[in-house]
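One point on numbering: in my numbering, the residue at position 414 of the sequence shown is 414, and numbering is uninterrupted.
Before any comments, here is the structure.
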Amino acid sequence: MPNPWLRELRRVLLWLLLAAVVGLIAGHPLSAILLVLAVYFAWHLRSMYRLHRWLAHGHSFHPPEASGIWGEVLDQLYRRQVRHRQRKRRLSALIKRFQAATEAMPDATVILDKFGAIEWFNAAAEQQLGLQAGRDLGQRLINLIRQPEFREFLEVASPPEPLRMVAPADPGMTLSVRVVPYGLNQRLLIARDITEQLRVETMRRDFVANVSHELRTPLTVVNGFLETLNDDEEADYPPHLARSLELMQNQTLRMQHLVEDLLLLSRLENDRKAPPHECVSVSAMLAMIEEAVTPLVEQKHQQLSIAAEPGLCLYGAEKELYSVFSNLITNAVRYTQDGGRIEVRWYHDEKGSHFDVQDNGPGIAPHHMPRLTERFYRVDSGRSRDVGGTGLGLAIVKHVLSRHQGQLRISSTLNMGSRFMCDFPNDQTELPPSS
Ligand code: ADP
C-alpha cells in the first residue's frame, strides 16, 4: 500500500496543476490556484470539526466517514479504539476473577488508602472484623476497630510482625493481622483466624508441661534411692553392679535436668506477664556462676576470665536471667576443648548493655546457625549428651531474652571458636551511680 501522505500530496499537486491550467486558459491562474487552496483548507476545517464533535460528544463507536488523509487518520483511530476496548474487556474480566478469588478467601482482606480509609473489603472481613459494605466504605478503619493495640499497629506503615488480637465481630475468635504496602500508597490488611492453631498449641504446651510435672516426682524418688545406694560406703557391690548404679544415677540426673528445662520453657511460654522490674546485679550473678563452673573449668584445665562492670544492673526476673547467663557460660565451658580459653564480659555503651561470652572452642558450621535456638536442635547430639546437654539451653535463652527486650547474636568460625552476645536496650539497664 503506498504511503497515504504521498497519495495526498499527489492529489493536492494534481488539483493545483489542474487549477493552473484552467486558470491560464481563463486568464486568472493565481485566482484559480487560490480557489483550490481555499476549498482544500475548508475541507480540512470541516473534517477537523467533525472529528472534534465525534471525540467530544459522539455516541457512535464508529468515527465519521471521511476521505483522503482524514479517512486514514480516522481509520487508525477506530482500530486503536477497538484494541483499547478488547484490552479493557480482558482487564475487567481479570479484575472480576481476582475479586471473586479474594471474596472466596477465608482470610479477611481490606484495602486501605493512604489515610487508612477503607476502599474495599471481602466477605470474610464482614464476618471477622464486623465491617458492613454500605456503612463502612470510605471510613477510617481505626475509627471502626477501637482496640488500642490495633490503632498502634496501624500507625506503623509496614509492621514487621503480625498482630494477634481478638476478632472484633466474635470474642471467641483470635486473629493474626498483617499489613503490607500495596499499589500507590495503599495498604492491604489481611487477618487470619488462628483460633484452632492456638488451641492445638495450648494443648501441646499443656501436654508437655503436665508430662514433665508428672515425671518430676518419680524421678526425684528414683534418684534419691540411687543416691543412697551409691553413697552407702559399707555396701560391697560387685564391680558391674556398682558401674550400673553409677550409670543409672547419671541418666536419672540427666532426665531430671531435661524435665526441669522443659518445665522452665513451658512456664516461660505460658507467662504472658512482663518480668518484674527488679534491678538484678549481674556481676554478683556472674560470681555465683563462676563458682558453679569452676570445678569443670579446673578439670578441663581451661582459662575462664569474667570481667563485669560492677553496679551495672539489669531489670528483670533474677532466676530467668541466671538461666541465660549460666547456660551460655556452661555451654562455652562444656564445648570448648581441654586447655581452652573462655572470656566473659558484661559492660555498657551508648546502645545499651551487653553480655558477651567468647570461647576458642570447636566453633559451629554456618548451616547450623539459624536453627541453634530450636528446641532439641544439636550440632552433634552425641557430644551434647556426653557433656550433659538437654538441647533446650539456647531455646530457654531466646525466650528469656525476648521477655527482657534482649537480643541474642551468635557468631562462630569452625575450629576457631564461638561468640554469644546478649544485647539489652538502655531502658532495661541501670547504670552504676558514677557513670
Ligand atoms: P545443649 O543442651 O545440647 O547444649 P543448647 O541449646 O544449649 O543445647 O545448644 C544447642 C547446640 O549448640 C549444642 O548442642 C551445641 O552443639 C551448640 N553449642 C552451643 N554453645 C556452643 C559453644 N559455645 N561452642 C560450640 N557449640 C555450641
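Ideal Cβ placement from N, Cα and C applies to all residues, glycine included.
- Note on N122: 16 or more other CB atoms within 10 angstroms of its CB, so buried under the neighbour-count rule.
- Where F325 is concerned, the enclosing alpha helix (DSSP H) starts and stops at 318-335.
- Note on geometry: alpha-carbon atoms of L17 and I33 lie some 8 Å from one another.
- With a 10 Å radius around the Cβ and a threshold of 16 neighbouring Cβ atoms, Y78 comes out exposed.
- Segment contact: the segment 123-132 against the segment 163-170, three or more CB-CB distances shorter than 8 Å; contact assigned.
- Cβ atoms of R375 and G391 come within 8 Å of each other, at about 7 Å.
- Judged by DSSP in its simplified three-state form, E119 adopts strand.
- If you keep only unbroken beta strand (DSSP E) runs of at least 3 residues inside the segment 271-310, you get 279-281, 303-308.
- Rounded to whole angstroms, the gap between the alpha carbons of L198 and A235 is 54 Å.
- Distances taken from the Cβ of I306 to the heavy atoms of the ligand ADP include none shorter than 7 Å.
- In the three-state DSSP reduction, A167 falls in the strand class (E or B).
- Assignment of Y182 by DSSP, reduced to helix, strand and coil, places it in the strand class.
- Taking the C-beta atoms as reference points, S323 is found no nearer than 8 Å to V259.
- Between the segment 331-347 and the segment 301-313 there are three or more inter-stretch CB-CB distances shorter than 8 Å, so the stretches are counted as touching.
- For H84, the enclosing alpha helix (DSSP H) begins and ends at 68-104.
- Secondary structure at F424: strand, using DSSP grouped into helix, strand and coil.
- Cβ-Cβ distances below 7 Å link F115 to R140 in the same chain, with the five nearest sequence neighbours on each side left out; the list follows chain order.
- Going by DSSP, G352 is part of the beta strand (DSSP E) stretching over 352-359.
- Residue environment for S67: exposed (fewer than 16 other C-beta atoms within 10 angstroms of its C-beta).
- Residues V259, L262, L263 of the same chain have their beta carbon placed closer than 6 Å to that of S212, with the five preceding and five following residues left out of the count.
- About 39 Å separates the Cβ atoms of I118 and L268, ruling out a contact at the 8 Å cut-off.
- The criterion of a C-beta distance shorter than 8 Å is satisfied by G361 and G417.
- Going by C-alpha positions, N415 is about 19 Å away from R409.
- Note on geometry: alpha-carbon atoms of V221 and D232 lie some 17 Å from one another.
- Residue range 108-112 is occupied by the beta strand (DSSP E) that includes I111.
- About 60 Å separates the CB atoms of P159 and I69; that is not less than 8 Å, and the two are not in contact.
- For L219, the closest alpha carbon among the candidates P370, L253, L137 is that of L253.
- Counted as a single uninterrupted DSSP element, the beta strand (DSSP E) harbouring S412 occupies residues 407-413.
- Annotation: P63 to E155 spans about 52 Å, alpha carbon to alpha carbon.
- For the options E278, E320, A108, S305, the alpha carbon positioned closest to that of M173 is the one of A108.
- Distance from the CA atom of L175 to the CA atom of I190, rounded to whole angstroms, is 10 Å.
- For the pair I329 and I364, the CB atoms are not nearer than the 8 Å cut-off.
- The DSSP-derived three-state label of A157 is coil.
- Here R341 carries a strand assignment [DSSP, helix/strand/coil].
- Taking 8 Å as the cut-off, the beta carbon of V280 is found no closer than this to the beta carbon of L304.
- For S283, the closest alpha carbon among the candidates L37, W43, E430 is that of E430.
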